[in-house]
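For the sequence shown, the positions run 16 to 832 when our numbering is used.
By construction, the Cβ of each residue, glycine as well, lies at the ideal position given by its N, Cα and C atoms.
Here's the structure we're looking at; comments come further down.
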Amino acid sequence: RGVGPEVRVGICLPRTPELVAAMLGVLGAGGAYVPLDPAYPRERLGYMLEDAAVALVLTDSTLADRLPEDAPALLLLDLERDVIAAESADAPESGVLSENLPHVIFTSGSTGRPKGVMIRHSSVVVLLHWLRENVTDEERSSVLFSTSINFDVSVAEVFGTLACGGKLVVAENALELATLDEEVVHVSMVPSAAAELLRSGGIPASVKTLNLGGEALPNALAQGLYGLETVEKVGNLYGPTEDTTYSTYYVVPRGAEQVLVGTPVANTRAYLLDAHLQPVPVGVVGELYLAGDGLSRGYANRPAMTAERFVPCPFGPPGTRMYRVMDRVRRRAGGEIEYLGRLDFQVKVRGYRIELGEIEARLAEHPGVRAPVVLVREDAPGDRRLVAYYLADEPAAVDALKTHLADRLPGYMVPAAYVWMEAYPRTPNGKVDRRALPAPDEGDAHAGRAYEAPVGETEQAVAEIWAEVIGVERVGRRDHFFALGGHSLLAVRVLSRLRASLGVEAAVGDLFVRPVLADFARELAGGAPAPAPAEDAAIPVRAAGSQPPLFMMYEGTGSVAYAQVLHAHVDGDIPVYALPAPSLSEPPLHTVEAMAARLVAMIRQVRPSGPYRVAGWSFGGVLAYEVATQLVGQGQAVEFVGMFDSYAPAGPDTGPYDLAEEHALLLHVLRMAETGEEDGRGGSAGERVPAGDVDLETFVARCRDQGLLPGHVTAARARQMRDRLRNHQRALGEYAPRPIPVPVHLFPARQGPDPDLSRGWRAVLPQGQLRVTPVPGTHLSMMAARNAAALGQALSERLDPPREGGETRAGREAHGS
């Protein structure tokens with residue numbers, strides 16, 4: 016295809032061994048590969064293709080449509096495999112020289128556009144020599160490769176291992192370390208990922224070395240890792256992409272009081288200078304400049320920016336340069352360097368290097384926004400997130416702002432909150448006082464929307480109940496119950512309050528379909544209601560979006576209200592539909608297969624052909640798996656199966672619950688449904704379950720008498736719930752999942768009592784099919800407002816982009832540089 020020295024080749028492929036083969040193939044031809052993440056917006060990919068002057072893109076037929084229409088020539092590896100094999104028998108010499116490029120890696124840019132860093136072969140060779148001397152044969156015998164090739168740490172992982180005869184273990188996400196079939200000895204990741212693995216017990220005994228970088232390494236984490244008996248070395252790696260991955264290294268001593276960034280790696284010089292480019296003494300704060308063989312050629316098509324950041328070096332031979340890092344540092348007496356912070360507005364969030372100016376520039380393109388300011392806030396310990404502030408005549412719709420940015424930026428650069436300001440606080444010299452900007456109102460997911468007071472007695476009464484139940488100061492008539500932090504359990508508590516204070520009856524489904532206060536109150540008052548969904552039709556929780564929709568199945572009690580909670584935290588470009596259970600007035604379906612067949616028909620009414628994405632909570636996860644099985648059997652493409660703390664079917668040997676256990680479970684479910692309390696089974700209420708082999712009517716009456724259930728709960732209501740639970744349990748006992756060629760994503764609740772995070776699925780599914788991502792909470796509280804955001808983010812990372820074996824946003828966050 017004409018690839019040789021200086022020819023740039025895009026790589027847009029899923030995360031399989033073939034990805035590594037593509038990287039090696041480009042280098043073998045003498046070209047330079049340009050990573051293209053299919054999760055990025057097409058506009059950003061188009062800019063990268065143009066800016067890097069890409070001549071050819073390696074991809075496959077499943078990802079080709081993610082690229083811009085005017086993309087350069089495509090080489091579809093899955094469709095042209097035979098031609099490739101026939102033509103590659105006699106590969107010519109590449110003619111590549113040390114000054115040529117092996118790759119161009121893009122980083123965030125302060126001007127509103129990403130910038131491509133041009134790395135030289137000679138710089139990578141220097142890095143590989145350093146790695147050969149500092150990584151032992153035992154360490155490289157099994158190295159985790161979980162970093163996206165969009166980030167430069169992947170260069171060290173892949174080539175630093177293969178060039179020395181080591182073994183790469185290709186994984187989608189470092190957070191799945193404990194579930195890998197291969198034992199791993201050496202891992203690199205960001206500290207936040209290591210902290211999560213340490214907290215969840217996810218670091219297997221085979222791991223001896225952890226090299227951490229991409230963000231500050233807390234000493235408490237380093238020492239906590241040493242608390243694992245098998246961990247022998249914790250390293251802190253530091254360096255910008257512009258200096259070929261690593262510039263300094265520091266092995267954290269056991270019992271150290273502070274983590275430093277260490278001393279320069281081989282052939283790297285670190286200068287600590289003042290404003291006049293004069294060296295500062297030991298112990299004095301200076302600005303860091305880097306020089307040496309690791310320095311890149313600069314930025315593609317950015318001569319002015321290259322000249323600004325790659326400045327003449329006064330300490331080397333004429334013509335040499337040094338890179339201005341924009342970091343504040345100081346040197347210790349022993350020669351180690353201590354990092355003190357940034358000089359500009361570049362930040363690190365979950366390991367991602369982000370120029371806040373790039374976000375501000377793209378947000379300023381929105382017609383309803385003036386003078387945006389974006390910063391990182393950590394209003395809760397450990398919860399670093401991007402927050403956007405803007406001036407405008409009136410507040411803009413948050414969804415519109417998110418959509419505007421999602422069309423232009425990677426998902427990790429889209430702020431979580433948007434605050435409308437009539438004027439900015441100013442410093443004495445007239446600049447925006449960023450430290451004085453207010454924290455976003457956590458109780459108002461529609462930050463920037465003007466408050467509208469409730470109108471009429473019904474709206475006022477409903478607003479008071481919502482505010483009390485959700486725990487917010489006030490609720491306006493245009494506020495959305497689930498966006499305020501409500502969830503299915505709180506929804507039922509609202510209904511109980513309405514029954515007690517207003518004497519009106521409503522169903523959870525009413526709040527699910529009409530979550531805006533004014534609409535819900537109008538329905539209660541007998542006004543013109545919004546149209547309700549048909550019994551056997553999917554509920555459009557969010558119908559808009561350019562990506563394939565996500566269909567969420569009903570859970571064990573027959574409810575789909577959790578979908579309304581969760582969808583607010585799922586990528587806004589993904590439509591979400593909820594698939595309700597059959598009406599209690601209908602004859603029940605008795606097998607998982609029959610239940611799934613009904614859901615498949617509902618899905619295909621919305622979307623006649625694939626690709627499909629399905630997910631479910633608890634029992635709903637099993638339904639999602641069978642739905643995927645039937646869709647595949649119908650010749651349809653399924654690209655995502657998600658299960659939220661769903662257990663694998665245990666078979667008929669488990670038998671039914673005995674009466675006491677069933678009563679305890681039923682009390683737990685009824686308390687959850689009617690009061691939102693989580694202590695019904697195994698907690699204080701569970702310990703006081705009325706004993707005795709009694710009928711259901713007596714059991715419910717005793718529970719009401721003892722205050723375990725509200726007085727309005729009837730035996731008929733309990734019977735409906737019991738019969739549905741029994742039916743689902745029988746169906747699970749008879750269900751045997753069949754293998755399907757689709758990765759299955761399991762999101763187990765981290766605080767669950769079962770130490771097996773695979774929830775039994777690893778024994779059911781073929782090797783390598785299961786992807787496990789633990790999330791906060793218990794089986795029930797994972798859908799509560801305090802945890803749903805984390806689950807929604809993890810789900811979005813797996814959905815965007817959906818690709819078999821491909822890396823997701825989580826992997827990039829876990830290893831961004």
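Where do the ends of the alpha helix (DSSP H) carrying residue i lie?
i      : result
Asp720 : 711 to 720
Tyr62  : 57 to 66
Ala533 : 532 to 539
His582 : 576 to 582
State yes or no: is the beta carbon of residue i nearer than 8 Å to at least one beta carbon in chain C?
i      : result
Gly250 : Of the protein chains in the structure, only one exists, and it is not chain C.
Would residue i and residue j be called neighbours here (beta carbons separated by less than 8 Å)?
i      : j      : result
Gly110 : Pro83  : no
Glu191 : Arg786 : yes
Val202 : Leu159 : yes
Ala10  : Ala553 : This structure cannot settle anything about residue 10, because the visible part of the chain is limited to 16 through 832.
Trp145 : Val280 : yes
Ala208 : Leu195 : no
His118 : Ile99  : no
Ser309 : Asp342 : Inspection of the sequence shows that residue 309 is occupied by Gly rather than by Ser. No.
Met337 : Tyr286 : yes
Pro87  : Leu71  : yes
Val184 : Glu153 : no
Arg347 : Val299 : no
Gly301 : Asn282 : no
Arg622 : Phe655 : no
His760 : Gly657 : yes
Asp494 : Leu532 : yes
Pro564 : Val591 : yes
For residue i, which of the options has the nearest alpha-carbon?
i      : options                        : result
Val340 : Tyr253, Gly783, Ala630, Val388 : Tyr253
Ala583 : Ala559, Leu604, Tyr569         : Ala559
Leu795 : Thr572, Glu641, Tyr640         : Thr572
Pro595 : Glu608, Ile589, Ile618         : Ile618
Arg59  : Gly45, Arg81, Leu73            : Arg81
Leu112 : Ala348, Ala86, Gly131, Gly46   : Gly46
Met797 : Leu711, Ser661, Leu604         : Ser661
Arg449 : Val391, Arg529, Gly334         : Val391
Glu65  : Ala37, Ala36, Lys130, Gly17    : Lys130
Phe566 : Phe174, Ala271, Thr151, Gly635 : Gly635
Val477 : Glu437, Ala540, Leu420         : Ala540
Glu351 : Ala431, Leu275, Glu323         : Leu275
Leu236 : Pro255, Thr256, Thr260, Glu272 : Glu272
Leu213 : Pro233, Gln293, Gly239         : Gly239
Tyr264 : Pro770, Glu247, Asn226, Arg147 : Asn226
Would you tell me roughly how many angstroms separate the C-alpha atoms of residue i and residue j, rounded to the nearest one?
i      : j      : result
Ala462 : Tyr404 : The predicted model places Ala462 with a pLDDT of 44, which falls under 50 and marks its position as unreliable, so this point remains unresolved.
Phe174 : Ile120 : 15 Å
Ile480 : Ala515 : 11 Å
Gly181 : Arg385 : 53 Å
Glu828 : Arg30  : In this predicted model, Glu828 has a pLDDT of only 35, less than 50, meaning its place in the structure is not dependable; the value taken from the coordinates is given anyway. Their Cα atoms are separated by approximately 15 Å.
His136 : Ala36  : 18 Å
Arg537 : Val653 : 40 Å
Glu172 : Arg155 : 9 Å
Tyr427 : Lys417 : 12 Å
Asp710 : Pro768 : 31 Å
Leu358 : Leu303 : 10 Å
Pro602 : Leu740 : 15 Å
Gly17  : Leu143 : 28 Å
Ala431 : Trp632 : 25 Å
Glu409 : Val585 : 26 Å
Mind checking which residues open and close the beta strand (DSSP E) that includes residue i?
i      : result
Phe121 : 118 to 122
Asn226 : 224 to 228
Glu302 : 301 to 307
Tyr286 : 283 to 288
Met797 : Taken as a continuous stretch (DSSP letters only), Met797 belongs to no beta strand (DSSP E), as it is neither H nor E.
Gly250 : 248 to 253
Tyr627 : 627 to 632
Tyr48  : 47 to 50
When DSSP builds the beta bridges, which residues end up paired with residue i?
i      : result
Leu401 : Val391
Ala432 : Val402
Leu73  : Ile26, Leu90
Leu761 : Met658, Val787
Phe160 : Val185
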